[in-house]
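Undergrad: Per the numbering used here: the sequence shown = residues 78 to 219.
For glycine and all other residues, C-beta sits at the position ideal for the given N, C-alpha and C.
Mind looking over this structure? Questions follow.
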Amino acid sequence: MIVVANPYDVKASELIALAAERLKDKIKKPEYINYVKSGSGRDRPPENQDFWYMRSASILRQVYVNGPVGVSRLRTKYGNRKESVVHRKHHVKAGGSIIRDSFQALESIKFIKKTKAGRVITPEGKSFMDKISNEIIKNGGA
(Lines of atoms letter the chains of each structure in order from A and count residues from 1; the text may use other names and numbers.)
(Lines give C-alpha, C1' and ligand atoms only; values in the text may rest on other atoms or scores of the structure.)
Protein backbone atom coordinates (compact mmCIF):
# COMPACT_ATOMS: atom_id res chain seq x y z
CA MET A 1 0.00 0.00 0.00
CA ILE A 2 1.37 3.39 -0.99
CA VAL A 3 0.88 6.16 1.54
CA VAL A 4 0.67 9.64 0.08
CA ALA A 5 1.18 12.29 2.73
CA ASN A 6 1.29 16.05 2.66
CA PRO A 7 2.17 18.73 5.25
CA TYR A 8 -1.36 18.55 6.69
CA ASP A 9 -0.73 14.95 7.81
CA VAL A 10 2.49 15.41 9.82
CA LYS A 11 3.57 17.46 12.82
CA ALA A 12 4.73 20.91 11.80
CA SER A 13 7.82 20.70 14.01
CA GLU A 14 9.01 17.46 12.39
CA LEU A 15 8.31 18.76 8.89
CA ILE A 16 10.13 22.05 9.48
CA ALA A 17 13.17 20.36 11.04
CA LEU A 18 13.60 17.93 8.14
CA ALA A 19 12.86 20.57 5.49
CA ALA A 20 15.46 22.86 7.08
CA GLU A 21 18.08 20.12 6.77
CA ARG A 22 17.23 19.67 3.09
CA LEU A 23 17.22 23.42 2.40
CA LYS A 24 20.84 23.73 3.61
CA ASP A 25 21.98 22.27 0.27
CA LYS A 26 19.70 24.49 -1.79
CA ILE A 27 19.81 28.02 -0.36
CA LYS A 28 22.60 30.17 1.02
CA LYS A 29 22.40 31.81 4.44
CA PRO A 30 22.86 35.61 4.35
CA GLU A 31 25.96 37.01 6.03
CA TYR A 32 24.03 39.30 8.37
CA ILE A 33 21.75 36.65 9.86
CA ASN A 34 23.98 35.88 12.88
CA TYR A 35 24.06 39.52 13.96
CA VAL A 36 20.49 40.83 13.64
CA LYS A 37 17.44 40.32 15.79
CA SER A 38 14.39 38.78 14.17
CA GLY A 39 12.21 41.69 15.28
CA SER A 40 11.96 44.71 17.53
CA GLY A 41 10.32 42.63 20.26
CA ARG A 42 13.38 40.43 20.66
CA ASP A 43 16.28 41.20 22.98
CA ARG A 44 19.03 39.28 21.17
CA PRO A 45 19.77 37.65 17.83
CA PRO A 46 18.71 33.99 17.47
CA GLU A 47 21.07 31.54 19.18
CA ASN A 48 20.30 28.63 16.87
CA GLN A 49 22.90 28.45 14.08
CA ASP A 50 20.25 26.93 11.77
CA PHE A 51 17.73 29.72 12.40
CA TRP A 52 17.76 30.89 8.78
CA TYR A 53 16.98 27.43 7.43
CA MET A 54 14.34 26.76 10.10
CA ARG A 55 12.62 30.08 9.34
CA SER A 56 12.79 29.45 5.58
CA ALA A 57 11.30 25.97 6.03
CA SER A 58 8.59 27.42 8.25
CA ILE A 59 7.81 30.09 5.66
CA LEU A 60 7.63 27.44 2.94
CA ARG A 61 5.15 25.48 5.06
CA GLN A 62 3.08 28.62 5.69
CA VAL A 63 2.92 29.32 1.95
CA TYR A 64 1.87 25.70 1.33
CA VAL A 65 -0.82 25.67 4.00
CA ASN A 66 -2.09 29.28 3.95
CA GLY A 67 -1.00 30.62 0.56
CA PRO A 68 -1.12 33.09 -0.97
CA VAL A 69 0.62 34.98 1.82
CA GLY A 70 2.70 38.13 1.93
CA VAL A 71 5.36 39.67 4.12
CA SER A 72 2.83 41.57 6.25
CA ARG A 73 0.88 38.46 7.29
CA LEU A 74 4.06 36.60 8.15
CA ARG A 75 5.42 39.58 10.10
CA THR A 76 2.32 39.31 12.27
CA LYS A 77 2.64 35.53 12.59
CA TYR A 78 6.32 35.59 13.59
CA GLY A 79 5.94 38.60 15.90
CA ASN A 80 5.95 38.33 19.66
CA ARG A 81 4.94 40.09 22.85
CA LYS A 82 7.17 43.01 23.70
CA GLU A 83 7.73 43.49 27.39
CA SER A 84 8.50 46.84 28.95
CA VAL A 85 8.88 48.07 32.50
CA VAL A 86 6.80 51.19 31.91
CA HIS A 87 4.33 50.25 29.19
CA ARG A 88 1.86 47.42 28.91
CA LYS A 89 2.88 44.27 27.13
CA HIS A 90 1.60 44.19 23.56
CA HIS A 91 2.19 42.35 20.30
CA VAL A 92 4.80 43.69 17.90
CA LYS A 93 5.44 42.47 14.39
CA ALA A 94 8.61 40.64 13.42
CA GLY A 95 11.15 42.28 11.15
CA GLY A 96 10.35 42.07 7.46
CA SER A 97 13.88 41.82 6.08
CA ILE A 98 14.47 38.21 7.12
CA ILE A 99 11.07 37.18 5.73
CA ARG A 100 11.66 39.05 2.45
CA ASP A 101 15.12 37.56 2.01
CA SER A 102 13.76 34.09 2.73
CA PHE A 103 11.02 34.62 0.14
CA GLN A 104 13.64 35.67 -2.41
CA ALA A 105 15.82 32.65 -1.64
CA LEU A 106 12.84 30.29 -2.02
CA GLU A 107 11.85 32.05 -5.27
CA SER A 108 15.39 31.60 -6.63
CA ILE A 109 15.09 27.81 -6.29
CA LYS A 110 11.55 27.97 -7.72
CA PHE A 111 9.74 26.63 -4.64
CA ILE A 112 7.44 29.65 -4.45
CA LYS A 113 6.40 32.34 -6.90
CA LYS A 114 5.12 35.87 -6.58
CA THR A 115 1.58 36.70 -7.65
CA LYS A 116 -0.55 39.79 -7.23
CA ALA A 117 -2.26 38.24 -4.17
CA GLY A 118 1.01 37.16 -2.51
CA ARG A 119 3.46 34.28 -2.65
CA VAL A 120 2.11 30.87 -3.67
CA ILE A 121 3.75 27.46 -3.76
CA THR A 122 4.94 26.08 -7.10
CA PRO A 123 4.67 22.44 -8.20
CA GLU A 124 8.38 22.00 -7.34
CA GLY A 125 7.83 23.36 -3.82
CA LYS A 126 4.73 21.23 -3.36
CA SER A 127 6.65 18.13 -4.46
CA PHE A 128 9.52 18.98 -2.09
CA MET A 129 7.17 19.29 0.90
CA ASP A 130 5.16 16.19 -0.04
CA LYS A 131 8.32 14.07 -0.32
CA ILE A 132 9.45 15.18 3.13
CA SER A 133 5.98 14.46 4.54
CA ASN A 134 6.03 10.97 2.99
CA GLU A 135 9.46 10.33 4.47
CA ILE A 136 8.26 11.35 7.94
CA ILE A 137 5.21 9.06 7.70
CA LYS A 138 7.35 6.19 6.39
CA ASN A 139 9.78 6.55 9.32
CA GLY A 140 6.98 6.34 11.87
CA GLY A 141 6.40 10.02 12.57
CA ALA A 142 2.99 11.60 12.54
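In its own chain, which residues sit with a C-beta less than 7 Å from the C-beta of Ser-135, not counting the 5 before and 5 after it?
TA: Within the same chain, Ser-135 has close Cβ partners Ile-93.
Undergrad: Any contact between the stretch 150 to 161 and the stretch 207 to 214? By contact I mean 3 or more CB pairs, one from each, below 8 Å.
TA: These segments do not touch.
Undergrad: Measuring alpha carbon to alpha carbon, tell me which residue in Tyr-85, Gln-126, Glu-108 and Arg-132 is nearest Gly-173.
TA: Cα-wise, what sits closest to Gly-173 is Arg-132.
Undergrad: Restricting to Cα atoms, I'd like to know which of Ala-96, Val-142, Arg-138 and Leu-151 is closest to Ile-176.
TA: For the residues Ala-96, Val-142, Arg-138 and Leu-151, the minimum Cα distance to Ile-176 belongs to Leu-151.
Undergrad: Do Val-224 and Val-197 have their C-beta atoms within less than 9 Å of each other?
TA: Within the shown structure, residues of the chain are numbered from 78 to 219, placing residue 224 beyond reach of any answer.
Undergrad: From Tyr-85 to Phe-205, what does the alpha carbon distance come to, in whole angstroms?
TA: Straight-line Cα distance between these residues: approximately 14 Å.
Undergrad: For the beta strand (DSSP E) containing Lys-232, list its first residue and its last residue.
TA: Outside the shown range of the chain (78 to 219) lies residue 232, about which nothing can therefore be said.
Undergrad: Evaluate the contact criterion for the stretch 178 to 196 versus the stretch 102 to 115: three or more CB pairs, one atom per stretch, below 8 Å.
TA: At 8 Å Cβ cutoff, the stretches touch.
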